[in-house]
Amino acid sequence: MHIERSKLPGGIKPFSGANKIALGGGCHWCTEAVFQSLKGIIKVEQGYVASTGLNSELSEAVIVHFDSKAIELHTLIAIHLHTHKSTSDHSFRSKYRSAIYTFSETQEHESKLILKKLQTDFKKTLITQVLPFSSFKASRNSLLNYYYSNPEKPFCEIYINPKLALLKKQFSEYFTNKDLLQVKSD
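Counting with the UniProt record's numbering, you get residues 1 to 186 for the letters of the sequence shown.
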């Protein structure tokens, strides 16, 4: 899938250069592996993110540091929505909040516009929220880089491999690990 940046309404200029965005939706091992597997990603911090108000409890998420000249925010959000249950509300949503955590008002506005535009990719309504970033707690070291340290583990094979296969198939121009033996695509 090729993602093209469209002109954003209201005179919003997309970010350029090094940026960061926090994303949550499923297990942070899965989210970490997805974003570690993309071109243009500088660093992925795995842990727990909190927002404000009703969303001030920590929830599993990652902070993605990226080069927006190599991969745009629109593409990152599209990948995020397609690699977790972004239309499904379930009993674990407080632990796995479907969210885009922003670091500025401009990024928040841009993310909301992108989310609205990407809704057309889904039959069901997206439940993903755009929230202000408030705080981050890193996972303990033994949990970091989980997939690439343990690709043969059943959890990785059952839950992460299908997400990476989707990347390989639908977002191949951004997928860095095309030769991963553990990732099979149809």
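Virtual Cβ for every residue (Gly too), placed ideally from N, Cα, C.
### Query
Between His65 and the rest of its own chain, which residues show a CB-CB distance below 6 Å, the 5 nearest in sequence each way excluded?
Answer for His65: Lys20, Ile42 and Lys43, listed in chain order.
### Message
I need the boundaries of the beta strand (DSSP E) containing Leu131, first residue and last residue.
### Response
Gln129 to Pro132 is the extent of the beta strand (DSSP E) around Leu131.
### Task
Under the assumption that Gln46 contacts Leu166 (Cβ atoms under 8 Å), give the Cβ distance between them as a whole number of angstroms.
About 20 Å separates the two Cβ atoms, so there is no contact after all.
### Query
For Glu43, which residues does DSSP report across the bridge?
Sequence check: residue 43 is Lys here, not Glu. His65.
#### Entry: Contact under 8 Å by Cβ, Ala61 with Ala22
A contact, by the Cβ cut-off of 8 Å.
### Query
Do you know how far the Cα of Thr102 is from the Cα of Thr176?
In this model, Thr176 and Thr102 are separated by some 25 Å (Cα to Cα).
#### Entry: Whether Ser142 touches Arg97 by CB criterion (8 Å)
For the pair Ser142 and Arg97, the CB atoms are not nearer than the 8 Å cut-off.
### Query
For the beta strand (DSSP E) that contains Lys137, what are its first and last residues?
If you look at Lys137, you'll find it in the beta strand (DSSP E) that goes Ser135 to Ala138.
#### Entry: Per DSSP, cross-strand counterpart(s) of Tyr96
Looking at the DSSP assignment, Tyr96 forms no beta bridge with any residue, so it has no partner.
### Query
Per DSSP, what kind of secondary structure is Tyr146 in: helix, strand or coil?
Shown here, Tyr146 sits in a helix according to DSSP, grouped into three states.
### Message
Less than 8 Å between the C-beta atoms of Gly26 and His84, yes or no?
### Response
Contact flag set, yes.
#### Entry: Reference Phe122, options Ser104, Ser86 and Val34, closest by Cα
Nearest C-alpha to Phe122: Ser86.
### Distance between beta carbons of Ser134 and Ser51, contact taken as under 8 Å
About 5 Å; that satisfies the 8 Å criterion.
### Query
Is the beta carbon of Ala78 less than 8 Å from the beta carbon of Ile160?
No, these two residues do not count as a Cβ contact at 8 Å.
### Message
Which of the three DSSP states is assigned to Gly26 in this structure?
### Response
If DSSP states are grouped into helix, strand and coil, Gly26 belongs with coil.
### Query
Under the rule that 16 or more other beta-carbon atoms within 10 Å means buried, what is Lys163, buried or exposed?
That one is buried.
### Message
Whole angstroms are fine: how far does the CA of Pro154 sit from the CA of His2?
### Response
Low local confidence applies: a pLDDT of 42 at His2 is under 50, so the model's placement there is unreliable, and no value is given.
### Query
When you compare only the Cα positions, how much space is there between Leu54 and Lys95?
Cα-Cα distance, rounded: 13 Å.
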